[in-house]
Structure formats: C-alpha cells, structure tokens
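*Asks:*
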Amino acid sequence: MTDHLFNLHGDVLAAMRRGPKAFAKLAFVLSDADEPANTYVGHFHDRIVGAGPGDELTALWHRTLTAWDLAEQADWSDAPARTDARRADIYDRLGFGPDLRKALDEAVPVFKEPGATVISKEFTSWYSRDTAAARAFYWNSYEQMLRRKGWSDAAVASLDEASHAVVERLSDPTRPEAYGARGLVVGYVQSGKTANFTGVTAKAIDAGYRLVIVLGGTLNLLRDQTQRRLDMELIGRENILRGVDPSDTDALVGVDYQDDEDWPEKFVSHGARPSTLGFFDIERLTTREEDYGGLETGIRALEIEKQVRSLPVYDPANLHHAAARLMVVKKNKSRLEKLIKDLKKIGPILAEIPTLIIDDESDQASVNTTDPKKWEDGKVERKAINGLISQLLGLLPRAQYVGYTATPFANVFVDPGDEEDIFPRDFLISLPRPTGYMGVRDFHDLDAEGTAEETHVRGIYDSTGDRLQEALDSFVLTGALKLYRADRGLPEGPFRHHTMLVHESVRQQEHGTLALRINSMWHRSAYTGPEGHRRLADLLEADFRKHADEDLPVPSSYEELKPYVSRARQLINSGGEPVIIVNGATERDYEQPELDFDRTPHVWKILVGGTKLARGFTVEGLTVTYYRRTTQQADSMMQMGRWFGFRPNYRDLVRLYIGREVPMGKKKTVDLYEAFEAICRDEETFRAQLTRYSALVDGKPQVTPAQIPPLVSQHLSWLRPAARNKMFNAELVEIRSPGQWVEPTAYPTSAADLRHNAEVWLPVLNALDAAPVTLQYSSGTYGRADSYEALIGTVDHGTLLGILCDLRWAVPSQFSPHLEYLASADATGHEIDDWLVILPQQSSTRRVEARVLGSHPLSLARRTRRRGDLFGAISEPKHRGVALRVAGALDAGDGNPEVESLVRGRRGALVLYPVVEEEPRISPQGNIDAGDVVMAACLVAPASISAGRGALVRFRAIDSTRSALAVIDREDS
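Take any residue in the sequence shown, count from 1 to its spot, add 119: that is its number in my numbering.
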C-alpha cells in the first residue's frame, strides 16, 4: 500500500536543502490533487504519536531534525548547534505548533553531545552545504552504508559535520593558484578515525579531488585492513569488478575478495558502474593483496583524461568528468620511493591534479626525528619516511595533507617554520568521543566519585601475585557469557570474535616464554573438572554478576552458565592451542589464519605480543587485557591501550589486569594504571583547552595551529608526551580563564613547605565565619542538584593575589599561567573585586575536624597523591556548582536565596580544602600540625570580566624562522 503521507513529506523535505522553511506552504504546492488531506499537520501529529518501531515517516524526520540540530554553519539560525534554542528555531521556520513540537521532541530528542573542535587559520570559503549537496554521489553511498550498518542518525550527522569541517579547509580543487593545505585530525584510540577519513575521502572525491593517496601504517596487515575498509564502504563492488560479470567464475579469477566472507553482500553497491550512471568511477591503483609496486597499466594510469584538452585538469570542464584514482600505500621506504619515481615520469600534468594525501597514524614514522643541532650548515636533514612525504608534497603542488592520529603531541611539536614539513599549519580538528565508545572515563575515576576502577580494573600488586590464572578464568567466563547472551536474542555480530591480550614485554624471546607458560597454565586449569568449575563459579559470583549490566541477560547461577563454558573452552582451544604469538619478527606473524578477523569465522584466542600489538592494530572482540609493559613515552603508552574501543553488549564484561608495582630500572617501581590516568588527564586537558579556544572572537580565531604546542602538558617526570627526538621547546606563559574551573594538584610534600603554605592561608582562614551555612545549587542545564554545608567568608582580590604569589608548589609551572592572568587582571582592565571563600564541611560519618594554626575547627578532606607529587582530583563534583554560580559561570538555576545573596558581578569563588593524606594526628586540644596539612584550593575567576573581550593566551615557542626564543602575545585590541 502506498504511504502517501511519507511520500509527500519526503518531497517537502527534499525541497528544504538549504534549511527549514514553512512546511504547510510547501506541502500545499507539492501535494497530489487527490490527497489534499495529507497537507494537514494534524495527521502528521497523530502519525508521530502513534508510530511504532520502524515507522518510515518518523525515521525520515529523525534524520532531518538531527541533521539540522547538528549543522555547525546554519545561515538560517543564529542559535548554536545541538541546543534547544536551535530546535526552537527549526520549529519556528517550519511553522509547527506546540502539540506537534512536543510530539517530535519526544520522538526525536535534541542530540546535545559535543561536536568536533576546530582550531584553524582563516580560510577562503568554497565548500558550502549547497556545493556539497550538488555533488555527493560517493558521500551518499557511504552514508547509506553506515545506516545499513546500524549507525544512528546522530552518529551519521556528527560524521557529516566533522568530515565537512575537514574538506572545507582544503584548497578549492578548481582554484587556479596551487595551494597545499596541511591539517591534523585527532581522534581517540580505537575510536573510528577510519570512518572519518573515509567520509573525508568521499566528500573530497565528490568535490573534485582526483588522486587520493592513503598512507596506511607501517605494516602490511594495517595497510590491507585500510584498503579493505575503503573498498567495502566507499569504492564499492562495481569499481572493484570494473565491468567483470560477477556470475562468470572464470572472469573472476584474480579479482579481489572472492574468498572474503563479506563479499559481495556487505560491500557497497552503486547499482552499476558510476560512469554509466552519469557520475565517475574510482580506479584502484592498489588492491587488498598488492601494495604499490608500480603502475600496472603504465604511467597512463595517472594521466587524467581531459574533455577539453586546452584547459587544465583542475578546470571544472575537465575535473568533474574524470575518474578518480586511489591507492593505499604502506609507509615503507621502497614503496614510497617507487611511487615518487613513477610520479616523476608523468611530467607537468602533476601540477594540475588536485590530490588528497591521508596519513593514518601520522605521528608514526612520518615525523622528522633528526637532531637540528647536528644539521650541517643549517640544512634540514630528514628521516627516510618524512623526507619521502616531503618529496611527495613537493611533486604535487595541489596536494592537501591530512594526518590522523589519537596521539597528536609529536605532530604539534613539528617545527612550524619548516614549510616543507607536515606541521598542521592550516587546521587541527579534535573529533568528539563517539557514542558507545569505551574510553578513559570507563576505566578511570577522574573525579573524586565513580565506580569505573571497581568495575573494570584489577590491579596486579606484589601482594596479589601475578593474577594470570584469574585473567585466564575471566577470559573463559566472559566467552561463556557472550554465548549465553547470543542465545537469548542479542545480535551475534559483536560476539563473533573473543580475544585476550597479554602485553608484558617488548622482547620477542620473552613472548615465546610467556606463551609457553600460558599454554601450560591453560592445560592445567581443569576447565572440565570440579576445580576449574569451582573457580569459575566463585569468579562469576564475586565479580561478573556483581558488575553486570542490568539491561543485559545474566545467568542467575553458574549452573545455568555451565553449558556455555564448555563451548567457550572448545572455541578457545580450536586448532590445539589457545595462544597466538604476534611479535612482528616478520610480516608472516600477521598472516596467521587464526589472526585474520575478516576471513576467519571465529577468532577466540589469547594474543601474546609487544609493540606490534599496539599502534593501529585492531584486536577484535577484546574483552580481557593483561598489561605489565613500561615505556617512557606517553604517546606510545596510550597507543598500547587496546582496551579502549567499542564493546556493544559486553562492555560490562571488559576487564583490565594491570601492573601497579612494575619495576623500572634497578630501584624504582611504577604504577601503570596511574600512568595511564596521568596521560588521560593530560589528553583531556589538551582537548578541553582546544575547545575553549576554538570559538571565534570578532569572527577571527583566538589561536592558530602554530600556537598549539604549549597546550601539551607532562605530569609525570618519567613519562614524556612523546619521544625526546619528536619534541621542541614550547612554554605556555598565560591562560586567561574567566568562568572556568581551575584545579591545581601539584602541592609540595615537605612539612616545612606545607607549614609555610598554611601560614600564608591563615588570614583567609581567620576571615571565615564560625557557623556553617547550607549551600544549594540545582539546575537542569547543569545536570546536578547539590547541597552541602560550608564555612564561608570573603577576601579582596589584592589579598588573595598576595597569598597565591607566596605559595610554594611542587610543579610551579602547573599554576603559574593562571596566576599570571590573575596578577595582570587589573592592569588589563579585567577588574576583580573580591572572592567568596568556601570551605566545605565533609559529610561522611567519619568526618574529622581540627584547628590549623589556631583557626576555627576545619573539616579535613582525605586525598591521595596519584602521580608522584601530584594529587588526582582535589575537589568533589557536588562542591563545584555553587562556586561556578557565584562566579557567574552558571545561571541562577532554582534560585536558592542563600547562594543568590552571595553573587556579585566581579566576584570570584575559591573552594578551599584542608587535605590530609593519612589518618590525621590530632592533639587532645583539637589541633593538627600545619606540616601535616595540604591547603589545596580550586578557583573560578569571575565570568563577567570576559564579556566582550574573548580569551587571551600568551606563548613562548621555538620557531626556526625566528632567531631566538619568541614571546607570542595575542592582546585584545
């Protein structure tokens, strides 16, 4: 039966390509004469309210509203994307009334998760939404593929926005003057960066880029994975077959993917060769099995055909009729040298070809790591891959370079003054954390509260033994739980593979010894006998049932799970042994059939390896990780975090066994879990600062990519952001942060320094009222409703500044950029009158109070140093809302009278915590030695002083185009 209402709405929305318009008017014009009732919005309302799962009309509006909600550049609305205000603008333009608005809001809630963060130079706009929509053949195919894979409307719209943000910052492919943009896209480890650069490639090809070179990692396996992904989701069956009859088995000899389980059903289909449909083909210059080894059809394979020979390739008359060429090349010296040699033979036409170079894992091999001090006569010397990429960019003056990585520090440390290098001079884009992604906050309680560590992390201490048997038991048990869930109606796809990763050492000999030990332990584990079943039953009850997701099937007892344990054991033991060694001695280590996640129906194995199991290698079905490997580079360590990623329907089963007392050197031990937490905090801080400075001020960028390096921090002395040969000197001098929560954690350890700090704070302590007050803040937009007791008082700005300047710190550079701002506030016209001081009363039943240097009795807070001299979180989330409200950073919320009476226009807020690190020693008179107390403070400068002025950042950074260390000031005009 024809769905007339759906068809009409489809026609109406198709006519709104440039944004929402008056719905009723368009519906009247486009409706069929015999179906006038379809124009009545009451029918639409009733359909939405009564719609069941899979209703096509609801799905159509879900896609449309979500795309409008997320559009970052909407000339039809002044409201920010991803807000209720934007949705209200949409309804106003559509002319919808309150009842229909309510029904649509319930069916399609506003997606408010943050989008991509962009730091960019000013650029010439050429890739508008209209331009993108006019040429979108490959993007539309890719989008439809993602929807068939189960991507939500919000996920597709977010990818659309993020990939559009990249393409619009490339050079216009039809531009007469050649320009090569340089950019960097930062994702999360195992978070789907490939999806973004596939989207960018689709849009760029549609827009006119006719040569795409993807640098696909340093291993054949990684290159092959990338080639397959692009072939499957972008290039498609018809471009792979190139006219071969898929039913002719003889003709299919030598055609890719004939032994692939997913061919042809899961490969995108364009319906016919695109060139026969009025579009253009994509010609592959590499295949899944074959890396670049020369142009098989000769140099002519790169000679772009011209419709008008007198015009250059980049002229629209030629560009939009020519086929695109795509190759995926391993970052290998001989491969790149062969490519460059072939390109040189082509001649002047290279200068006419709009080219896109995608560098996957761009901080690996691509960065120049030679020591500038050793360069002769100041001439730049380059490492092999970096030099070859530089040559490639020189040969292709219209080449746009876009690097992709989850660990960007090495890339932003590249010399901005080296015009031939890959510094992202034009843009840096930080992708948002994807929906469903299991990342940092799922394993680390970055705030004072949380259950992430308790749920997923199992520490390995000297006192616990190595816990390897427990990790093996967890692997078997989680495999059984996956089978149990699949048997109860959950999709089997996410459970196809089930893996455990063991990463202890970089040495290949030790991998063999460890694999032998695990194999022996496996065969002694008695998983078919009473002892093994007893261990598994105890582990199920003590761990996995306790932390199970209540929305997923969980057995009520071990007896109910027991049949699935037997099947899990059989799958893991298939082939005779449960362990695969992957240590990269040769490429053959990656070509083991048991390790082929694409062609093998079920990979249920324990993988033992080192560095080669880290960067870029996706361990499908990873559920249990056993990690005890040390490294002194933060980016290398983060890439080893293979436990991050997407774990649909089994994220509650994920376990990380990690060393908490691992030897480093002869006398030192390190806590790897705390090291990961330090890295995670540094990266979250980096992303947060990018977000803060991404907003335009007076239509211009506050920060350009050349000023990004100082935003990289290092909190552990033994763990550098990147290898020493990837870093250049940069220092952040000042951070202006009105209305922002600032939480220093680098407090001294010596009793003398702590006593000094307490004496400095004494005037503030004496200014506090003796009687506590109840402070409350509740707001729907803030998402919390908090109440607590505190001592409060006020102190003028000059007094507080004197105190802050006199404090002693373990790492002065952590707070000094904020102090510089506070000290210069009055001089720059950003006056601060005073500060409300809040000293929270701890609510625990074990609350302890003591006097410090004769003060009122103060409530002591217990905190732990998590990273050397640095604490983890000092503040408690419930204490922040009131402080942010007093400083004007939050709205009035529920308008609590006590709190509102404390709000002033130029008042900041300071939350003070007298912190103890162990059970306090309190005298009979209620006093505590000030040398045992860390006076820790968090502060929020008045938000009002930022009005109309924007943000300011001051840097010192080394740039080879400058003769000495430079101070870069971005002063307000």
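Beta carbons are placed, not taken as given, at the ideal position from N, Cα and C, and that holds for glycine.
#1: Using three-state DSSP, classify Glu-402 as helix, strand or coil.
#2: If distances are taken between C-alpha atoms only, which option among Leu-469, Ser-549, Leu-341, Pro-543 comes closest to Lys-450?
#3: Provide the residue span of the beta strand (DSSP E) that contains Ile-911, from first to last.
#4: Check for me: the alpha helix (DSSP H) holding Thr-524 runs from which residue to which?
#5: When DSSP labels each residue in this structure, what does Arg-982 get in the three-state scheme?
#6: So who's on the other strand from His-622, going by DSSP bridges?
#7: What number of angstroms, rounded off, separates the C-alpha of Trp-1130 from the C-alpha of Arg-636?
#8: Would you mind stating whether Tyr-523 and Phe-316 have Cβ atoms separated by less than 7 Å?
#9: Do three or more CB pairs link the stretch 858-866 to the stretch 1010-1023 at distances below 8 Å?
#10: Do you know how far the Cα of Val-304 is from the Cα of Lys-231?
#11: So for Ile-297, helix, strand or coil by DSSP?
#12: Which residue comes first and which comes last in the alpha helix (DSSP H) that contains Gln-628?
#13: To the nearest angstrom, how far is the alpha carbon of His-975 from that of His-875?
#14: In angstroms with no decimal places, state the Cα-to-Cα distance between Ala-704 and Arg-688.
#15: From what residue to what residue does the beta strand (DSSP E) around Ala-886 run?
#16: Starting from Tyr-433 and walking both ways along the alpha helix (DSSP H), at which residues does that stretch end?
#17: Whether or not the stretch 247-263 and the stretch 216-225 are in contact is what I'm after, with contact meaning three or more pairs of Cβ atoms, one per stretch, closer than 8 Å; do they touch?
#18: Can you find the residues in the same chain that come closer than 6 Å, C-beta to C-beta, to Thr-183, ignoring five residues on each side of it along the sequence?
#19: Beta carbon of Leu-421, beta carbon of Ile-465: below 7 Å?
#20: If you draw a straight line from the alpha carbon of Val-701 to that of Arg-766, how long is it in whole angstroms?
#21: Just verifying my parser: in three-state terms, what is the DSSP assignment at Gln-1044?
#22: Is DSSP giving Gly-899 helix, strand or coil here?
#23: Give the straight-line distance between the Cα atoms of Ile-459 and Leu-809, rounded to the nearest whole angstrom.
#24: Less than 7 Å between the beta carbons of Tyr-594 and Val-722, yes or no?
#25: Have a look at the DSSP bridge pairing and note the partners of Ala-443.
#26: For Glu-287, count the other beta carbons within 10 Å of its own beta carbon; 16 or more makes it buried, fewer makes it exposed. Which is it?
#27: Check whether the stretch 1050-1063 touches the stretch 1022-1034, counting contact only when three or more Cβ pairs, one atom from each stretch, lie closer than 8 Å.
#28: From this set, Glu-803, Ala-944, Arg-965, which residue's C-alpha is nearest Ser-549's C-alpha?
#29: Buried or exposed for Asn-844, please, with buried defined as at least 16 other CB atoms from any protein chain shown within 10 angstroms of its CB.
#30: Going by Cα to Cα distance, which pick from Gly-171, Ser-481, Asp-325 is closest to Gly-306?
#31: With DSSP as the reference, label Asp-479 as helix, strand or coil.
#32: For Arg-361, which residues of its own chain have a beta-carbon under 6 Å away from its beta-carbon, when the five flanking residues on both sides are left out?
#33: According to the Cβ coordinates, are Thr-559 and Tyr-745 closer than 7 Å?
#34: Could you give the C-beta distance for Pro-199 and Pro-551, rounded to a whole number, given that I count them as a contact under 8 Å?
#35: Just grab the DSSP bridge partners of Glu-968 for me.
#36: Where Gly-569 and Ser-1020 are concerned, what is the direct C-alpha to C-alpha distance, given to the nearest angstrom?
*Replies:* Working from what's here:
#1: Note: Glu-402 maps to strand in three-state DSSP.
#2: Comparing Cα positions, the closest option is Leu-341.
#3: 903-915 is the extent of the beta strand (DSSP E) around Ile-911.
#4: Boundaries around Thr-524 are those of the beta strand (DSSP E), 518-524, since no alpha helix (DSSP H) includes it.
#5: Coil, per DSSP.
#6: His-622 has Tyr-746 as its beta-bridge partners, per DSSP.
#7: The structure shown does not extend to residue 1130, since the chain is modelled only from 120 to 1092, so the question has no answer here.
#8: Yes, they are a contact pair.
#9: Contact fails between the stretch 858-866 and the stretch 1010-1023, because fewer than three Cβ pairs, one in each stretch, are under 8 Å apart.
#10: If you take the alpha carbons of Lys-231 and Val-304, they lie about 22 Å apart.
#11: In the sequence as displayed, the identity of residue 297 is Ala instead of Ile. Of the three classes helix, strand and coil, the one that applies to Ala-297 here is coil, per DSSP.
#12: Taken as a continuous stretch (DSSP letters only), the alpha helix (DSSP H) holding Gln-628 covers 627-643.
#13: Straight-line Cα distance between these residues: approximately 18 Å.
#14: Per-residue confidence for Ala-704 stands at a pLDDT of 48, beneath the threshold of 50, marking its modelled position as unreliable; the derived number appears in the next sentence. Approximately 29 Å between the Cα atoms of the pair.
#15: Note, Ala-886: premise wrong, no beta strand (DSSP E); alpha helix (DSSP H) at 870-886.
#16: Per DSSP, Tyr-433 belongs to no alpha helix (DSSP H) and is neither H nor E.
#17: Not touching, per the Cβ criterion.
#18: Around Thr-183: Leu-132.
#19: Cβ distance < 7 Å, so Leu-421 and Ile-465 count as in contact.
#20: Using only the alpha carbons, I get a separation of about 23 Å.
#21: Correct three-state label for Gln-1044: coil.
#22: Reduced to three states, the DSSP call for Gly-899 is coil.
#23: Separation of Ile-459 and Leu-809 (C-alpha to C-alpha, rounded to the nearest whole angstrom) is 36 Å.
#24: Before going further, note that residue 594 is Phe rather than Tyr in the sequence given. No.
#25: Looking at the DSSP output, Ala-443 bridges to Ile-401.
#26: With 16 or more other Cβ atoms within 10 Å, it is buried.
#27: Contact between the stretch 1050-1063 and the stretch 1022-1034 is present, because at least three Cβ pairs lie under 8 Å.
#28: Checked all of Glu-803, Ala-944, Arg-965; the closest Cα to Ser-549 is Glu-803.
#29: Its pLDDT being 40, under 50, Asn-844 is placed unreliably in this model, and the coordinates cannot settle the point.
#30: Ranking Gly-171, Ser-481, Asp-325 by CA distance to the CA of Gly-306 puts Ser-481 first.
#31: Three-state DSSP puts Asp-479 in a strand.
#32: Spatial neighbours of Arg-361 in its own chain (CB-CB distance under 6 Å, excluding positions within 5 residues in sequence) are not present.
#33: With the sequence shown as reference, residue 559 is identified as Val, and Thr is not the correct amino acid for it. Going by C-beta atoms, Val-559 is not nearer than 7 Å to Tyr-745.
#34: Not confirmed; about 15 Å, so no contact.
#35: For Glu-968, the beta-bridge partners assigned by DSSP are Ser-978.
#36: Roughly 32 Å separates the two Cα atoms.
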